[in-house]
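Residue numbers (our numbering): 1 to 386.
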């Protein structure tokens, strides 16, 4: 039974490769949670937890740009007329392929603003955490890719638009324009559905003194939502080892990327210029880029050099003057390890124990670097938990 499970597991990750090659092949492997991504070798402890002798069956790990030695399968040669000399580059997942399709470079961020918001990050020195994922970089074997997914994306933005801006994006944008960067210290976390990062639900508003409040004026509510969403993304990205650099670019896609005022807030929070790209399917485009790169990767030519003639993203906004002074000092004091977030997690735990309306995992509670006992003690002291 162990090997049946492992066989299906291997087939799942090798499926596309098998489809083209018609035989077992080497794996990139960083999305399987069985690879020591820093050493680029299988984790013996993780493999043994699955089944004995698994490393021999998986075979060696290869870089993403590797050309597989076995060549294309006879099926594709006979059925579709592929050349027997056609080379096959090691397959990767759709998310790493999107990083290649967006032509990210070191320090860049790609953000998809859709029903869920997703961040792709190019990082050099990862610090894996309980939230988010770290992968081997699909186009640079010495770098890494971080992925963060936030479930409460466009739907909560649309709900706040309907509640606070009469359903008008123009009114929504005007509210962002007429409120100040930092929102006078008012911040909100808006989780209509159970969030992924962190695992929480509910609406939580805090004033400049970090006290929870029941509501905000409409224009403050709109900025609190957008700044809160982007601040959470920056905080969690930095927790995974991301560092904003002087040459950092943010590449935005998805429905909300058409709203310039939303992108302005994004730029101000990250202190970086925001670009948009017109790629309808970045994963497919990334696979095409990787195929070209795979043919010359052994010559140490970078993907950036290979696709230098591809269309460049369009600059939309740059950080507002003075934004870095506001957000640069505000993010640390309301970061993951701050007293503010400790209070936030206590409130989550309190709601779990009293109303059962909020579900939060132990991993989220521990991510504030407080033990569960600490949380109970502090909750008794400050909230009066009975």
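The beta-carbon is built from N, C-alpha and C at its ideal position, and this holds for glycine as well.
In the DSSP assignment, the residues bridged to residue 212 are 206. When beta bridges are read from the DSSP output, residue 190 appears opposite 203. With respect to the 9 Å criterion, residue 128 and residue 297 are not classified as neighbours on the basis of their beta carbons. Its chain contains 151, 200, 201, 359 as the residues whose beta carbon lies nearer than 8 Å to that of residue 194, once the 5 sequence neighbours on both sides are disregarded; these appear in chain order.
Judged by DSSP secondary structure, residue 91 falls outside any alpha helix (DSSP H); it is assigned neither H nor E. For the 9 Å CB-CB criterion, residue 289 and residue 272 do not form a contact. Only residues of its own chain outside the window of five on either side were considered, and among them 90 have a CB closer than 6 Å to the CB of residue 66, listed in chain order.
When DSSP reads this structure, residue 242 sits in no beta bridge, so it has no partner.
Judged by DSSP in its simplified three-state form, residue 108 adopts coil rather than helix or strand. By the CB criterion at 9 Å, residue 254 and residue 117 fall inside the cutoff. According to the DSSP assignment, residue 291 belongs to the alpha helix (DSSP H) that extends over 282-294. The alpha carbon of residue 125 has as its nearest neighbour, out of 34, 300, 274, 38, the alpha carbon of 38.
For residue 274, DSSP records a beta bridge to 250, 317. Here residue 223 is buried, its C-beta having at least 16 other C-beta atoms within 10 Å. With contacts defined by Cβ atoms closer than 9 Å, residue 148 and residue 119 form a contacting pair. Below 8 Å, too few C-beta pairs join the segment 72-79 and the segment 261-281 to call them touching: fewer than three. If you ignore the 5 residues before and after residue 196, its C-beta comes within less than 7 Å of the C-beta of 149, 150, 151, all in its own chain and listed in chain order.
With contact defined as three or more Cβ pairs closer than 8 Å, the segment 93-103 and the segment 278-287 are in contact. Here residue 292 is exposed: its Cβ has fewer than 16 other Cβ atoms, across all protein chains shown, within 10 Å. In the structure shown, the three-state DSSP call for residue 62 is coil.
Between residue 206 and residue 234, the gap from beta carbon to beta carbon reaches 9 Å or more. Taking all protein chains in view, the Cβ of residue 108 is crowded by 16 or more other Cβ atoms within 10 Å, so the residue is classified as buried.
In summary, residue 315 is exposed, with fewer than 16 beta-carbon neighbours lying within 10 Å of its beta-carbon over all protein chains present. Under a 10 Å Cβ-count criterion, residue 45 is classified as exposed, with fewer than 16 other Cβ atoms of the shown protein chains found around its own Cβ. Around residue 176, the same chain offers 222, 223, 226, 261, 262, 264, 265 as residues with beta carbons nearer than 8 Å, after the five sequence neighbours per side are excluded. C-alpha of residue 83 to C-alpha of residue 239: approximately 47 Å in a straight line.
When only Cα atoms are considered, residue 132 and residue 186 end up about 26 Å apart.
Between residue 256 and residue 157, the beta carbon gap of about 6 Å places them in contact (Cβ cut-off 8 Å). Counting only runs that start and end inside the segment 119-177, the beta strand (DSSP E) elements of at least 3 residues fall at 133-136, 144-150.
Cα atoms of residue 139 and residue 302: separation of roughly 8 Å, rounded to the nearest angstrom. Under the DSSP assignment, residue 305 falls in the alpha helix (DSSP H) whose first and last residues are 303-306. Using a 10 angstroms sphere on the CB of residue 180, the tally of other CB atoms stays under 16, which defines it as exposed.
Distances from the CA of residue 121 to each of 143, 114, 130, 287 were compared; the closest alpha carbon is that of 143. Under the 10 Å beta carbon count, residue 183 is surrounded by 16 or more other beta carbons and is classified as buried. With 16 or more other Cβ atoms from the protein chains shown falling within 10 Å of its own Cβ, residue 134 counts as buried. The three-state reading of DSSP puts residue 117 in strand, counting E and B together.
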